[in-house]
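Everything below concerns the one structure shown next.
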Amino acid sequence: MKYFLFFLLLLIFSTPRLLSETTVIRGVAKNAEGQAVRIITYLDQISYIEKTIARTIIGPEGKFNIQLDLDHTIFVFIDIGFQKGEIYLEPGKNYLINVEFDPDRSYFGSA
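See the structure below:
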């Protein structure tokens, strides 16, 4: 009986991980070589506290590649420098993101 209960608990707590699939985000961010790309989500929809769930550095040719395991569709921000885009990611899907990053552009309005 002890072993059955242990096996049942193990099965219950490992099932969500078994159902997760790898989601791949690839892209090119011109003029952003060496910058960080962050995938950010909210911990909940009440407090809007942000949590970074994946991160990488853009390569010398402006290319980046991020893989993360998802078990359900999730709303995220893709953050590169001061540019932020919104997207829903689905488990097991591949995404291609192309960004034209302008380091000389003012993102705070004109003075």
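Counting with my numbering, you get residues 103 to 213 for the letters of the sequence shown.
By construction, the Cβ of each residue, glycine as well, lies at the ideal position given by its N, Cα and C atoms.
What you are looking at is a predicted structure, and each value in this text was computed from that prediction instead of being measured.
Bridge partners - Ala-131, DSSP secondary structure assignment: Numbered from its first residue, the sequence shown carries residue 131 at position 29. Bridge partners of Ala-131: Val-201.
Excluding five sequence neighbours on each side, which residues of the same chain lie with their C-beta closer than 6 Å to the C-beta of Glu-202? Sequence index remark: in the sequence shown, residue 202 carries index 100 (1-based). The residues are Lys-132.
Thr-180 versus Gly-136 - alpha carbon distance: By one-based count along the sequence shown, residue 180 stands at place 78. By one-based count along the sequence shown, residue 136 stands at place 34. Strictly speaking, residue 180 in this sequence is Ile, with Thr absent from that position. One C-alpha to the other measures close to 16 Å.
Between which residues of its own chain and Ile-199 is the CB-CB distance below 7 Å, once the five residues before and five after are set aside? Translated into positions along the sequence shown, residue 199 becomes position 97. So the list reads Ile-127, Gly-129 and Ile-180, once near-sequence residues are dropped.
Residues in its own chain within less than 7 Å of Leu-172 by CB, not counting five upstream and five downstream? Numbered from its first residue, the sequence shown carries residue 172 at position 70. These residues qualify, in order along the chain: Ser-122, Glu-123, Thr-125, Leu-191 and Pro-193.
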